[in-house]
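Residue numbers (my numbering): 223 to 706.
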């Protein structure tokens, strides 16, 4: 860790002091020169186990000093590591961001990515479910007893030639730590399930993961255990990084958050980094890049239903559960010949969050429980319930030959409740075509929409669908659509 690695300091840091017996204190860094710091990545745990915090009415007290005796074990251990490395400052979120202060949280959350990216080192309490557990968790092999066997050494007694014991050999198994280290993987830990860990781990230049089986070192080029066992390379070629946003979002959507609002904010640092790999005129809104549309508009929930939130329905952020990009997976199949966009994306309204685009759309009319009419064609559906991917609706006409499928976002549309209200109109919005080679065929992919409000040309997303009948949608006019 070079002494020349110096950056502008975060707004607040914990000063661990120049000596062994100095009480840590919070410092506000205005006017400080550039410097170095360590960052802590840790789980907050359940509400009753939340760590020591700085609030507005506690700020003066924290600036005066924070007794070690008042800190949870993970903080105490992290401070000890910081001192052992000869460093003066450590950044801990619950202490360095003023909690229960909306203005401070909004300001600091936007720079959190750079805090980890510019830190000399990130200390990750990876196996600790909350801050009370500490870094140095007792290892499972600490109680192992290495057995030994006493074997007599026999010799010949002269001059009679009789055998006698000349002593004993003690034979034991050589203790080796490596077999335990091979099972180490930070991705299978409590901290890996925490939402903020996504950008903390990806942006950090160096991380030491403290696990219950040992320590793991991670940097931009490789990953090793404390015994030197090489696990896996970490670097990505520049050309691949720009294509990995979809995979990152899928993994991120399955992580846990103390506060629902953090789900999107915790990607801001990564989004800022990814901007360097995106076109100059690209835009980023609600977790999706304009250059990744319409591909990343065609997401699906892993589970059936969810509670309504205030995020735009077209974005995966509107689903507070794990999602997956169905079409992204299809588009990477070996038999996929091409993925062609069939819409124009204009952008996102900064005030309303509405996605503005131009595409063909077609209304679906009728009863969606057992059968429905589609522009005077008699249509029937068959449903297949799956708790992981939702209700898969197979669309067919009077000869029962399927020519499409649909998956609704809201699980309450499945089963016996899969019925549109009489006053509800449902539309298919045509976004893209995929051609396959084995056998040669194509599918037209799009969103299922319903009117957001009677009398207004605004729509909300209610699902995704695909049609494999040539000419079914392409004769429709292109229209401007707002999805909120």
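For each residue, glycine too, the CB sits at the ideal point set by N, CA and C.
Residue i (DSSP reduced to helix, strand or coil)
{"i": "residue 227", "result": "coil"}
{"i": "residue 262", "result": "strand"}
{"i": "residue 317", "result": "helix"}
{"i": "residue 656", "result": "strand"}
{"i": "residue 234", "result": "strand"}
{"i": "residue 491", "result": "helix"}
{"i": "residue 469", "result": "helix"}
{"i": "residue 361", "result": "coil"}
{"i": "residue 626", "result": "strand"}
{"i": "residue 563", "result": "strand"}
{"i": "residue 428", "result": "strand"}
{"i": "residue 502", "result": "coil"}
{"i": "residue 680", "result": "strand"}
{"i": "residue 508", "result": "coil"}
{"i": "residue 438", "result": "strand"}
{"i": "residue 497", "result": "helix"}
{"i": "residue 409", "result": "helix"}
{"i": "residue 311", "result": "strand"}
{"i": "residue 479", "result": "coil"}
{"i": "residue 281", "result": "helix"}
{"i": "residue 693", "result": "coil"}
{"i": "residue 486", "result": "helix"}
{"i": "residue 242", "result": "coil"}
{"i": "residue 433", "result": "strand"}
{"i": "residue 513", "result": "helix"}
{"i": "residue 330", "result": "helix"}
{"i": "residue 354", "result": "coil"}
{"i": "residue 270", "result": "helix"}
{"i": "residue 348", "result": "coil"}
{"i": "residue 335", "result": "helix"}
{"i": "residue 423", "result": "helix"}
{"i": "residue 537", "result": "coil"}
Nearest-angstrom beta carbon gap, residue j and residue i [assumed within contact, 8 angstroms]
{"i": "residue 652", "j": "residue 583", "result": "7 angstroms"}
{"i": "residue 325", "j": "residue 267", "result": "The pair is not a contact, with the Cβ atoms about 26 angstroms apart (cut-off 8 angstroms)."}
{"i": "residue 664", "j": "residue 657", "result": "5 angstroms"}
{"i": "residue 674", "j": "residue 626", "result": "So it is not a contact: roughly 24 angstroms between Cβ atoms."}
{"i": "residue 265", "j": "residue 413", "result": "5 angstroms"}
{"i": "residue 533", "j": "residue 508", "result": "6 angstroms"}
{"i": "residue 322", "j": "residue 277", "result": "5 angstroms"}
{"i": "residue 631", "j": "residue 542", "result": "Contact doesn't hold; Cβ gap of about 12 angstroms is too wide."}
{"i": "residue 238", "j": "residue 305", "result": "6 angstroms"}
Cross-strand partners of residue i (DSSP beta bridge)
{"i": "residue 522", "result": "546"}
{"i": "residue 650", "result": "584, 670"}
{"i": "residue 254", "result": "None; residue 254 has no bridge partner."}
{"i": "residue 702", "result": "580"}
{"i": "residue 343", "result": "260"}
{"i": "residue 686", "result": "629, 669"}
{"i": "residue 558", "result": "658"}
{"i": "residue 287", "result": "DSSP lists no partner for residue 287."}
{"i": "residue 418", "result": "Residue 418 pairs with nothing; no bridge assigned."}
{"i": "residue 664", "result": "657"}
{"i": "residue 247", "result": "237"}
{"i": "residue 570", "result": "577"}
{"i": "residue 276", "result": "320"}
C-beta contact flag for residue i and residue j at 9 angstroms
{"i": "residue 449", "j": "residue 349", "result": "no"}
{"i": "residue 536", "j": "residue 647", "result": "no"}
{"i": "residue 495", "j": "residue 425", "result": "yes"}
{"i": "residue 346", "j": "residue 422", "result": "yes"}
{"i": "residue 706", "j": "residue 577", "result": "yes"}
{"i": "residue 274", "j": "residue 249", "result": "no"}
{"i": "residue 335", "j": "residue 491", "result": "yes"}
{"i": "residue 315", "j": "residue 432", "result": "no"}
{"i": "residue 202", "j": "residue 296", "result": "The structure shown does not extend to residue 202, since the chain is modelled only from 223 through 706, so no value can be given for it."}
{"i": "residue 436", "j": "residue 360", "result": "no"}
{"i": "residue 580", "j": "residue 702", "result": "yes"}
{"i": "residue 438", "j": "residue 485", "result": "no"}
{"i": "residue 467", "j": "residue 511", "result": "yes"}
{"i": "residue 271", "j": "residue 354", "result": "yes"}
{"i": "residue 287", "j": "residue 234", "result": "no"}
{"i": "residue 294", "j": "residue 245", "result": "no"}
{"i": "residue 236", "j": "residue 320", "result": "no"}
{"i": "residue 408", "j": "residue 390", "result": "no"}
Interface flag, residue i vs chain D, CB-CB below 9 angstroms
{"i": "residue 444", "result": "Looking at the structure shown, chain D is missing, and only one protein chain is on hand."}
beta-carbon residue i near the ligand SAH non-hydrogen atom, thresh 8 angstroms
{"i": "residue 276", "result": "With respect to the ligand SAH, the structure shown offers nothing to examine, as it has no ligands at all."}
Exercise. Any chance the region 498-514 sits against the region 330-346, with 3 or more Cβ pairs inside 8 angstroms?
Worked result: With a cut-off of 8 angstroms, the region 330-346 and the region 498-514 do not count as touching, because too few Cβ pairs lie within range.
Problem set entry | Cβ pair count under 8 angstroms reaching 3, the region 253-262 against the region 309-323 | Contact holds between the region 253-262 and the region 309-323, because three or more Cβ pairs, one in each stretch, are under 8 angstroms apart.
Exercise. On the three-pair Cβ rule with 8 angstroms, is the region 465-479 touching the region 408-424?
Worked result: The region 465-479 vs the region 408-424: in contact.
Exercise. Does the region 540-547 touch the region 555-569, meaning 3 or more C-beta pairs lie closer than 8 angstroms?
Worked result: At 8 angstroms Cβ cutoff, the stretches do not touch.
For this session: Examine the Cβ distances between the region 563-570 and the region 511-519 and report whether three or more of them are shorter than 8 angstroms.
Result: Yes: at least three Cβ pairs fall under 8 angstroms.
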